[in-house]
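Below is one structure, written out as structure tokens; comments come after it.
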Amino acid sequence: MNVKSSVKNIISEISSVMEEINENTVEEVISEILKANKIFIVGAGRSGLVG
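Each residue of the sequence shown is one higher than the one before, counting from 4 in the working numbering.
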């Protein structure tokens, strides 16, 4: 797979995820983050575990 097709694939995947995001939920999460003294974020994706 070349770079161009890889980037197109990533963009397609991001677009699919964006369609599933509920904006009200995002606002609630932002509000909770702003109220928190500390936050801990962990994720896993193309580059592996991040945290």
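Using N, Cα and C, we set each Cβ at its ideal position, and we do this for glycine too.
In the DSSP assignment, find the unbroken beta strand (DSSP E) run with residue i in it and report its ends.
i: A47; result: G46 to G48
Quick check on this structure: which residue in the options has the alpha carbon closest to the alpha carbon of residue i?
i: G48; options: V6, K7 and V20; result: V20
Could you spell out the range, first to last residue, of the alpha helix (DSSP H) harbouring residue i?
i: K7; result: V6 to E23
i: K38; result: E26 to K38
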